[in-house]
Amino acid sequence: MRAALQEDVAIASVGPVMTATLESHGIPVDIVPDHPKMAALVKASAESAAAVLAVKRAQGPTHRVHTGDMVLFFLPAAGTGGFMRALLISLIGLAVTLAPAAVAQQAPPVKTYASSSDVAALIAKAKTDRKENQANFIQQILQLAPYNANLEYRAAVGPAAVHEKEAEMFYVIDGSGTLTTGGKLVGETRTNAENLSGTAIEGGSSRPVAKGDFFIVPENTPHWFGTINGTLVLMSLHVPRTSAAR
Numbered sequence: 048m049r050a051a052l053q054e055d056v057a058i059a060s061v062g063p064v065m066t067a068t069l070e071s072h073g074i075p076v077d078i079v080p081d082h083p084k085m086a087a088l089v090k091a092s093a094e095s096a097a098a099v100l101a102v103k104r105a106q107g108p109t110h111r112v113h114t115g116d117m118v119l120f121f122l123p124a125a126g127t128g129g130f131m132r133a134l135l136i137s138l139i140g141l142a143v144t145l146a147p148a149a150v151a152q153q154a155p156p157v158k159t160y161a162s163s164s165d166v167a168a169l170i171a172k173a174k175t176d177r178k179e180n181q182a183n184f185i186q187q188i189l190q191l192a193p194y195n196a197n198l199e200y201r202a203a204v205g206p207a208a209v210h211e212k213e214a215e216m217f218y219v220i221d222g223s224g225t226l227t228t229g230g231k232l233v234g235e236t237r238t239n240a241e242n243l244s245g246t247a248i249e250g251g252s253s254r255p256v257a258k259g260d261f262f263i264v265p266e267n268t269p270h271w272f273g274t275i276n277g278t279l280v281l282m283s284l285h286v287p288r289t290s291a292a293r
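Mapping the sequence shown onto our numbering, position 182 (from 1) lands on 229, and the numbers just tick up by one.
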């Protein structure tokens, strides 16, 4: 084990006490942060792990094939006991990624085709899996970063929304309802850095929407499906808008 640790992984210790413990067990430490804090340990590991691994592998006669680089973090154990209880393993490229090189090798998932039967299966899943009183059950149809085409299964009236930096295009797959756009959000709250929500819309313009209809809502525009006639099944696609386009 000690030989493997010396060759195949970068070892980061949170501070001098743990460093001394590890070295007393014959395990040399590669990375020690300036301050004995978790945030400093993660930062130091992220900055140094790739270089440490490159040096180790260049110096060593052999190394194993990796699906992701590995860094071992050693932290002080709570209470008494052996040092092994203080071991936290972080697999880079599998969970919390610390080595930038591993991140660069991972391409985002792509899905560029969905058949009518695929869409029918999504609708069937929405009918069985949506919780009672869940206004909108969303599933992915297609993905090509930064674009995601989603299936929205709306069985009840949900919140109104504003997307400040993205337009949103819709196609009605099935069902009907009423779309209101413009006006002002009622009970406005900020969902995240680029989106707002509300309980309804005050003012605005309303129009019926039904199977086969297409429409697009510009960025920074309140929109709300204020009436659902049974169910309303939509394809939605968020479209990032550049400053020039706005």
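A virtual CB, placed ideally from N, CA and C, is assigned to each residue, including glycine.
Residue i to residue j span [Cα, whole Å]
i, j, result
"Val118", "Ile74", "At Val118 the pLDDT is 48, less than 50, meaning the model places this residue with poor confidence; the figure from the coordinates comes in the next sentence. Cα to Cα, the separation comes out at about 14 Å."
"Gly128", "Ala98", "In this prediction, Gly128 scores a pLDDT of 45, lower than 50, which makes its location untrustworthy; the coordinate-derived value is nonetheless stated afterwards. Those two C-alpha atoms are separated by around 33 Å."
"Phe272", "Val280", "12 Å"
"Glu249", "Leu226", "13 Å"
"Tyr200", "Ile185", "6 Å"
"Arg314", "Asn195", "The question about residue 314 has no answer here: the residues shown for the chain are numbered 48 through 293."
"Ile188", "Pro265", "22 Å"
"Ala67", "Ile78", "13 Å"
"Lys7", "Asn197", "Because the chain is modelled from 48 through 293, residue 7 falls outside the range shown and cannot be assessed."
"Val89", "Gly62", "12 Å"
"Arg177", "Pro80", "47 Å"
"Leu169", "Ser283", "14 Å"
"Ala167", "Ala161", "10 Å"
"Ala154", "Ala96", "21 Å"
Residue i - DSSP class collapsed to helix/strand/coil
i, result
"His110", "Model confidence at His110 stands at a pLDDT of 40, short of 50, so the residue's coordinates are unreliable; what they give is reported in the following sentence. Of the three classes helix, strand and coil, the one that applies to His110 here is coil, per DSSP."
"Ile170", "helix"
"Leu138", "Since pLDDT at Leu138 reaches only 34, below the 50 mark, its modelled position is unreliable, and the value read off the structure follows with that caveat. Leu138 falls in the strand class under three-state DSSP."
"Thr238", "strand"
"Thr66", "helix"
"Glu215", "strand"
"Glu266", "coil"
"Ala252", "Checking the sequence, you will find Ser at residue 252 rather than Ala. DSSP places Ser252 in strand when its eight states are reduced to three."
"Ala192", "coil"
"Thr175", "helix"
"Ala98", "helix"
"Lys90", "helix"
"Gly73", "coil"
Nearest residue (CA-CA) to residue i, options the options
i, options, result
"Ala240", "Phe261, Ser71, Phe217 and Glu211", "Glu211"
"Ala93", "Leu169, Ala59 and Thr289", "Ala59"
"Asn242", "Ser252, Tyr218 and Thr268", "Thr268"
"Glu235", "Asp176, His285 and Val209", "Val209"
"His270", "Gly229, Thr289 and Ala257", "Gly229"
"Asn276", "Ala247, His285, Ser252 and Gly224", "Gly224"
"His285", "Glu215, Ala171 and Ser71", "Glu215"
"Pro83", "Val64, Ser95, Val256 and Ala171", "Val64"
Close beta carbons around residue i, own chain, < 6 Å, minus the five adjacent residues each side
i, result
"Thr278", "Ala202 and Gly222"
"Gly205", "Ala182 and Asn183"
"Phe261", "Tyr218"
"Lys258", "Val219 and Asp221"
Spatial neighbours of residue i in its chain, beta-carbon cut-off 8 Å, leaving aside the 5 residues before and after
i, result
"Pro156", "Gln190"
"Lys174", "Tyr200"
Neighbourhood of residue i by C-beta, 7 Å cutoff - its chain only, sequence neighbours within 5 removed
i, result
"Pro287", "Pro193, Lys212 and Glu213"
"Thr238", "Ser244"
"Asp165", "none"
"Val233", "Gly245, Thr246, Ala247, Ile248 and Glu249"
"Gly251", "Thr227, Thr228, Gly229, Gly230 and Pro269"
"Ser163", "none"
Strand pairing of residue i, partner residues [DSSP]
i, result
"Met282", "Leu198 and Tyr218"
"Asn183", "Arg201"
"Lys158", "Gln190"
"Val56", "Val56 is not bridged to any residue."
"Pro287", "Glu213"
"Lys231", "Glu249"
"Gly224", "Val256 and Ile275"
Closer than 8 Å: residue i CB and nearest the ligand SAM heavy atom
i, result
"Ile185", "You won't find the ligand SAM in this model; it holds no ligand whatsoever."
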